[in-house]
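Input: a single structure, listed below in structure tokens.
Number of protein chains: 2
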Amino acid sequence: MDALNPTPVRRSEQLGEEIEERIVTGVYPPGMRLDEQELAAAFGVSRTPIREALIQLASIGLVDIRPRRGATVPEMSADRLCEMFEVMAELESMCGRLAARRILPAELARLRDAHQACEEARDAGKPDLYYQLNEVFHRRIYEASHNGFLAEQATALHRRLRPYRRLQLRVRNRMQSSFSEHAGIVEAIVAGDGEQAASLLRAHVVVQGERFTDLVATLRQMNAPAEPEAATAQ
Amino acid sequence: MDALNPTPVRRSEQLGEEIEERIVTGVYPPGMRLDEQELAAAFGVSRTPIREALIQLASIGLVDIRPRRGATVPEMSADRLCEMFEVMAELESMCGRLAARRILPAELARLRDAHQACEEARDAGKPDLYYQLNEVFHRRIYEASHNGFLAEQATALHRRLRPYRRLQLRVRNRMQSSFSEHAGIVEAIVAGDGEQAASLLRAHVVVQGERFTDLVATLRQMNAPAEPEAATAQ
DNA sequence: GAGATTAATCTTGTATACACAAACAAAACT
DNA sequence: AGTTTTGTTTGTGTATACAAGATTAATCTC
Chain A
1 MDALNPTPVR RSEQLGEEIE ERIVTGVYPP GMRLDEQELA AAFGVSRTPI REALIQLASI
61 GLVDIRPRRG ATVPEMSADR LCEMFEVMAE LESMCGRLAA RRILPAELAR LRDAHQACEE
121 ARDAGKPDLY YQLNEVFHRR IYEASHNGFL AEQATALHRR LRPYRRLQLR VRNRMQSSFS
181 EHAGIVEAIV AGDGEQAASL LRAHVVVQGE RFTDLVATLR QMNAPAEPEA ATAQ
Chain B
1 MDALNPTPVR RSEQLGEEIE ERIVTGVYPP GMRLDEQELA AAFGVSRTPI REALIQLASI
61 GLVDIRPRRG ATVPEMSADR LCEMFEVMAE LESMCGRLAA RRILPAELAR LRDAHQACEE
121 ARDAGKPDLY YQLNEVFHRR IYEASHNGFL AEQATALHRR LRPYRRLQLR VRNRMQSSFS
181 EHAGIVEAIV AGDGEQAASL LRAHVVVQGE RFTDLVATLR QMNAPAEPEA ATAQ
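Residue numbers (our numbering), protein chains in the order written: chain A, 1 to 234; chain B, 1 to 234.
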């Protein structure tokens, strides 16, 4: 059916994902002005689908649209990021608590697979691969919560925090400790100990938010190479 | 008035809020088709701002847009609603935990004011007023969490669940017990007992989700007055 | 008479055109 | 010389026109 359907999705939706990707990977860095005409030209479409994509991204907080001022990539302050990590920790924690009680055998098997895959990436010393498999691991937990809405929320926020998490895996050699924490989480879920899973997961994520000052410093060097202005709220 | 219109906000944003209001209040019931042309005519604008409003609402899950099929108000299944309440409970809980630790004297005073206002509404036996003041009470807690992102998320979800919560306050005489629970929550926050505030708030919200079957039944009578079809997933 | 296929109509998705507001720059006046 | 005002330019916001897909109805065939 997919083969017969060449374009079953809105163009603006595809564009939205592409722009989101570029924002999230830092191709469009925080503070960058997103000119509709430029984007339209760059993607070879008219302004309309670009506008729709930007509006969509704006409503999930990934771009900032101000009337008659245009769209920009929002500058996420360190405070803001801390707040988001705080919420992320709680969502993950909740997923873990529910998963410990509700996970099905098949799901547990897949969770273990994901965990093992992480181990191999760690042993091979591949942070990029680990990062990717780490995402799968967490997604498995989201799904095992058997709360579709929660899983969606967690996935969305996880995605928004992606670039910062990624940086952190590099800055410090966190692969090792991350993997150990995963092991404890799996154990708690296997044991059906919701509270244990919850608190381990919270700690697992909070760590990422706490060791954060260095991260922000690192990030500031990388993402803001040529920005002498922007002295508003730094 | 359109000529003098000094509005510094996008038209589509205003439209979005208006449409959101109508969805949330049941004027546009679940399953309803949202024809762009009809809406454009109804609001006296062209299709463009309507489209933008719908896309915005779609990205927060308030309408369902399917390519080449148009927009509809999503039918929220009972399962889905339970899931959302489950997440809401956790967000509120988190707000309470943080608020207990971080609330400032001035904020505490305002929280008490809101609580007292609820009491008066209860004594006067005005559920609609109570409902409104209840929102203020909860918003005060969100703010006191000193996590702006969390407060935004909680507010957004609270808003989406509004119609269901409102119904419930009517169906059972929950005003009394709701108020008692509020009292305990305030007490825990005053005492700085984060865990206590968290668990009380979780229970406070979960109750709304649990006594839910009757609610859905009631709701079905009210919101679906003329819908003989729609036998998809009921 | 029933089912399938085709055509017509309706609605969405995209493009283009136009209008208005804001920011920047230049010139004139204090 | 500095400040203010006005004009120009750029870019957003809305409208309209056009194209493509989906649905429905009608007609034709079995």
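All residues carry an ideal CB built from backbone N, CA and C; glycine is no exception.
Determine whether the beta carbon atoms of residue i and residue j lie at a separation below 8 Å.
{"i": "Gly-148 (chain B)", "j": "Glu-86 (chain A)", "result": "no"}
{"i": "Val-186 (chain A)", "j": "Leu-111 (chain A)", "result": "yes"}
{"i": "Thr-25 (chain B)", "j": "Pro-127 (chain B)", "result": "no"}
{"i": "His-158 (chain B)", "j": "Met-88 (chain B)", "result": "yes"}
{"i": "Phe-179 (chain A)", "j": "Glu-119 (chain A)", "result": "yes"}
{"i": "Gly-96 (chain A)", "j": "Ala-198 (chain A)", "result": "yes"}
{"i": "Tyr-131 (chain B)", "j": "Arg-160 (chain B)", "result": "no"}
{"i": "Val-63 (chain A)", "j": "Gly-31 (chain A)", "result": "no"}
{"i": "Leu-15 (chain B)", "j": "Ile-50 (chain B)", "result": "yes"}
{"i": "Leu-108 (chain B)", "j": "Val-190 (chain B)", "result": "yes"}
{"i": "His-138 (chain B)", "j": "Glu-195 (chain B)", "result": "no"}
{"i": "Ala-40 (chain B)", "j": "Arg-47 (chain B)", "result": "yes"}
{"i": "Gln-192 (chain A)", "j": "Arg-101 (chain A)", "result": "Here residue 192 (chain A) turns out to be Gly, not Gln, going by the sequence shown. Going by C-beta atoms, Gly-192 (chain A) is nearer than 8 Å to Arg-101 (chain A)."}
{"i": "Glu-38 (chain B)", "j": "Glu-52 (chain A)", "result": "no"}
Does any CB atom of chain B fall closer than 8 Å to the CB of residue i?
{"i": "Leu-150 (chain A)", "result": "yes"}
{"i": "Gln-56 (chain A)", "result": "yes"}
{"i": "Glu-18 (chain A)", "result": "no"}
{"i": "Gln-176 (chain A)", "result": "no"}
{"i": "Gln-14 (chain A)", "result": "no"}
{"i": "Glu-52 (chain A)", "result": "yes"}
{"i": "Asp-2 (chain A)", "result": "Because the pLDDT of Asp-2 (chain A) is 35, which lies under 50, any placement of that residue in the model is unreliable, and the number read from its coordinates should be weighed accordingly. It does not: the Cβ of Asp-2 (chain A) has no partner Cβ on chain B nearer than 8 Å."}
By DSSP, does residue i sit in helix, in strand, or in coil?
{"i": "Asp-64 (chain B)", "result": "strand"}
{"i": "Arg-33 (chain A)", "result": "strand"}
{"i": "Thr-25 (chain A)", "result": "coil"}
{"i": "Ile-19 (chain B)", "result": "helix"}
{"i": "Gly-184 (chain A)", "result": "helix"}
{"i": "Ala-117 (chain B)", "result": "helix"}
{"i": "Ala-151 (chain A)", "result": "helix"}
{"i": "Glu-100 (chain A)", "result": "Note that residue 100 (chain A) is Ala in the sequence shown, not Glu. In the structure shown, Ala-100 (chain A) sits in a helix (DSSP, three-state: H, G or I)."}
{"i": "Gly-192 (chain B)", "result": "coil"}
{"i": "Val-205 (chain A)", "result": "helix"}
{"i": "Ala-124 (chain A)", "result": "coil"}
Starting from the Cα of residue i, find the closest Cα among the options and give me that residue.
{"i": "Pro-67 (chain A)", "options": "B:Glu-38, B:Val-45, B:Arg-11 and B:Ile-60", "result": "B:Arg-11"}
{"i": "Gln-116 (chain A)", "options": "A:Arg-97, A:Val-136, A:Ala-100 and A:Ala-99", "result": "A:Val-136"}
{"i": "Asn-134 (chain A)", "options": "A:Met-175, A:Glu-143, A:Ala-197 and A:His-146", "result": "A:Met-175"}
{"i": "Ile-141 (chain B)", "options": "B:Ser-46, B:Arg-69, B:Ser-177 and B:Asp-113", "result": "B:Asp-113"}
{"i": "Leu-288 (chain A)", "options": "B:Glu-107, B:Leu-104, B:Arg-33 and B:Glu-90", "result": "It is not possible to answer for residue 288 (chain A), since the shown part of chain A is limited to 1 through 234."}
{"i": "Ala-106 (chain B)", "options": "B:Asp-123, B:Ala-144, B:Ser-93 and B:Gly-194", "result": "B:Ala-144"}
{"i": "Ala-188 (chain A)", "options": "A:Ile-23, A:Ala-71, A:Ala-99 and A:Arg-80", "result": "A:Ala-99"}
{"i": "Asp-69 (chain B)", "options": "B:Asn-173, B:Glu-36 and B:Tyr-28", "result": "One detail in the question is off: residue 69 (chain B) reads as Arg in this sequence, not Asp. Of the listed residues, the one whose Cα sits closest to Arg-69 (chain B) is B:Glu-36."}
{"i": "Ile-103 (chain A)", "options": "A:Arg-80, A:Arg-122, A:Ile-65 and A:His-146", "result": "A:His-146"}
{"i": "Glu-17 (chain B)", "options": "B:Val-207, B:Ala-156 and B:Leu-200", "result": "B:Ala-156"}
{"i": "Arg-80 (chain B)", "options": "B:Gly-61, B:Ile-65, B:Met-94 and B:Ala-71", "result": "B:Gly-61"}
{"i": "Met-76 (chain B)", "options": "B:Ala-121, B:Ile-23 and B:Ala-53", "result": "B:Ile-23"}
{"i": "Ala-154 (chain B)", "options": "B:Pro-29, B:Met-94 and B:Leu-200", "result": "B:Met-94"}
{"i": "Asp-123 (chain A)", "options": "A:Ala-71, A:Gln-168, A:Ser-177 and A:Glu-152", "result": "A:Ser-177"}
{"i": "Glu-13 (chain B)", "options": "B:Val-27, B:Tyr-28, B:Val-45 and B:Gln-168", "result": "B:Val-45"}
{"i": "Glu-152 (chain A)", "options": "B:Val-27, B:Glu-38 and B:Ser-59", "result": "B:Ser-59"}
Can you confirm whether residue i, when its beta carbon is compared against all beta carbons of chain A, has any partner nearer than 8 Å?
{"i": "Ala-233 (chain B)", "result": "Any reading at Ala-233 (chain B) must be qualified, since the residue scores a pLDDT of 33, below 50, and its modelled position is unreliable; no value is offered."}
message = Tell me which residues of the stretch 116-127 of chain B have at least one Cβ-Cβ distance to chain A shorter than 9 Å, keeping chain order.
response = none
task = Quick one: which residues of the stretch 77-107 of chain B get their C-beta closer than 7 Å to a C-beta of chain A? List them in chain order.
result = Taking 7 Å as the upper bound on Cβ-Cβ separation, chain A lies near residues Arg-80, Glu-83, Met-84, Glu-86, Val-87, Glu-90 and Met-94 of the stretch 77-107 of chain B.
ask   = Along the stretch 56-75 of chain B, what residues have a CB closer than 7 Å to any CB found in chain A?
value = Gln-56, Ser-59, Ile-60 and Pro-67
ask   = Mind listing which residues of the stretch 139-164 of chain B have their C-beta closer than 7 Å to chain A's C-betas, in chain order?
value = Asn-147, Gly-148, Phe-149, Leu-150 and Gln-153
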